[in-house]
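Novice: As numbered in full-length UniProt numbering, residues 1 to 231 make up the sequence shown, in order. C-beta: ideal position from N, C-alpha, C; glycine also. Computed from a predicted model, the values in this text were never measured in an experiment. To start, I am sharing the structure in question, which I have written as structure tokens.
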Amino acid sequence: MAAFYAAGLNDYISLDAIIRNNERLREALEDNLAATVAAYLGIYALAVAVSFPGASLITIVGGFLFGAVLGTALTVVAATAGATVIFLAAKSSLGGVLRERAGRFAQRFTEGFNENAFNYLLFLRLVPLFPFWLVNVAPAIFDVPLRVYVIATAVGIIPGTFAYTLVGDSLGGLIAAQERANPGCADAGTCQIELGALLTPGVIAAIVALSVAALIPVALKRWRKAKGAAR
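Following this line, the structure appears as structure tokens:
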């Protein structure tokens with residue numbers, strides 16, 4: 001994480017920075033799609049691997065550049081790769097610090113992982129109650145198989161990722177509207193785009209869908225407990 005701040009990358013990961021650099025981002029995409037995709041995947045995976053707190057804004061950039069569908073797919077791949085790096089590091093002999101850092105908090109996950117590792121990890125991904133880094137490391141403490149970890153992570157982050165990429169997908173239209181009303185505002189950093197303006201009907205629908213999806217594991221868990229008690 002220190003490398004991100006030392007390189008000044010945190011200055012470029014903000015809504016204002018996305019607006020100011022929107023033309024450069026678009027030009028990079030048009031000039032070399034493959035390189036832009038590779039750069040996005042690498043930056044995102046690294047951000048997750050070092051637990052950089054601006055991953056949600058990078059996801060918005062993904063939606064802005066690639067659209068909601070492709071942006072979601074690329075982000076899920078990159079985020080899963082970055083999370084897997086942490087998981088493997090925590091399982092290795094070099095992961096003592098990570099396990100020690102997570103151990104105090106991870107013990108509350110004992111029952112869930114022992115009962116059904118896949119379903120519980122899927123629940124933790126769908127319902128972001130705990131820090132992302134903690135959910136990345138905790139499965140290593142409980143010896144969750146790599147295959148289970150990768151699949152549950154990839155599936156579990158899809159709804160939230162899609163919601164953020166939808167926000168990014170709608171950002172281009174808002175910037176264009178601001179440029180028509182106030183030419184040059186993007187480069188000058190004076191475009192007045194509030195976060196609320198990004199909540200288009202599509203984004204709201206995605207958030208509602210995310211909320212419903214997040215409740216499914218909770219409902220299933222309660223149903224199974226009730227079914228077990230009835231027996």
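Tell whether a beta-carbon distance below 8 angstroms holds between residue 137 and residue 82.
Specialist: Mapped onto the sequence shown, residue 137 falls at position 137. Mapped onto the sequence shown, residue 82 falls at position 82. No, the Cβ-Cβ distance between residue 137 and residue 82 is not below 8 angstroms.
Novice: Report yes or no: do three or more beta-carbon pairs, one from the segment 154-167 and one from the segment 73-81, lie closer than 8 angstroms?
Specialist: Judged by Cβ distances under 8 angstroms, the segment 154-167 makes contact with the segment 73-81, as three or more pairs qualify.
Novice: Taking 7 angstroms as the cut-off, is the C-beta of residue 118 nearer than that to any heavy atom in the ligand HEM?
Specialist: With respect to small molecules bound, the structure shown includes none, and the ligand HEM cannot be examined in it.
Novice: Smallest Cα separation from residue 118: which of 129, 22, 140?
Specialist: Taking the first residue of the sequence shown as 1, we reach residue 118 at position 118. Selected option, being the one with the closest Cα: 140.
Novice: For residue 56, which residues in the same chain have their Cβ closer than 6 angstroms to its Cβ, ignoring the five residues on either side in sequence?
Specialist: Position 56 of the sequence shown holds residue 56. So the qualifying residues of the chain are 164.
Novice: Rank 51, 182, 170 by C-alpha distance to the C-alpha of residue 131 and give the top, closest one.
Specialist: Translated into positions along the sequence shown, residue 131 becomes position 131. Ranking 51, 182, 170 by Cα distance to residue 131 puts 51 first.
Novice: What do you get for residue 169, buried or exposed, if any count of 16 or more other CB atoms within 10 angstroms of its CB means buried?
Specialist: Translated into the one-based positions of the sequence shown, residue 169 becomes position 169. With 16 or more Cβ atoms within 10 Å of its Cβ, residue 169 is classed as buried.
Novice: Could you check whether residue 142 and residue 105 sit closer than 8 angstroms to each other, using their CB atoms as the reference points?
Specialist: Taking the sequence shown and counting its residues from 1, one reaches residue 105 at position 105. Taking the sequence shown and counting its residues from 1, one reaches residue 142 at position 142. It is not a contact, given that the beta carbons lie outside the stated cut-off.
Novice: In three-state DSSP terms, what is residue 201?
Specialist: Locating residue 201 in the sequence shown gives position 201, where the first residue counts as 1. Three-state DSSP puts residue 201 in a helix.
Novice: What residue range is occupied by the uninterrupted alpha helix (DSSP H) comprising residue 54?
Specialist: Counting from 1 along the sequence shown, the entry for residue 54 is found at position 54. Neither: residue 54 is in no alpha helix (DSSP H) and is coded neither H nor E.
Novice: Given 8 angstroms as the limit, is there contact between the segment 14-26 and the segment 57-66, that is, 3 or more CB pairs closer than that?
Specialist: Yes: the two stretches touch, three or more of their Cβ pairs being nearer than 8 angstroms.
Novice: Any idea if residue 156 is buried or exposed, counting beta-carbon neighbours within 10 angstroms, 16 or more meaning buried?
Specialist: The sequence position of residue 156 within the sequence shown is 156, counting from 1. Per the 10 Å Cβ criterion, buried.
Novice: If we count the other Cβ atoms within 10 Å of its Cβ and call it buried at 16 or more, is residue 146 buried or exposed?
Specialist: In the sequence shown, the residue the question calls residue 146 occupies position 146. Exposed, since its Cβ has fewer than 16 Cβ neighbours within 10 Å.
Novice: Hey, would you say residue 44 sits closer than 8 angstroms to residue 79, going by beta carbons?
Specialist: Walking along the sequence shown from the start, residue 44 turns up at place 44. Walking along the sequence shown from the start, residue 79 turns up at place 79. Yes, the pair counts as a contact, with Cβ atoms nearer than the cut-off.
Novice: Determine the direct distance from the alpha carbon of residue 160 to that of residue 53, and round the result to whole angstroms.
Specialist: In the sequence shown, residue 53 corresponds to position 53, counting from 1. In the sequence shown, residue 160 corresponds to position 160, counting from 1. For residue 53 and residue 160, the distance between alpha carbons rounds to 15 angstroms.
Novice: What number of angstroms, rounded off, separates the C-alpha of residue 150 from the C-alpha of residue 84?
Specialist: For the purposes of this step, residue 150 is identified with residue 150 of the sequence shown, where counting begins at 1. For the purposes of this step, residue 84 is identified with residue 84 of the sequence shown, where counting begins at 1. Cα to Cα, residue 150 sits roughly 7 angstroms from residue 84.
Novice: How is the alpha helix (DSSP H) around residue 108 delimited, first residue to last?
Specialist: Here residue 108 refers to the residue found at position 108 when the sequence shown is read from its first residue. First-last for residue 108: undefined, no H or E at that position.
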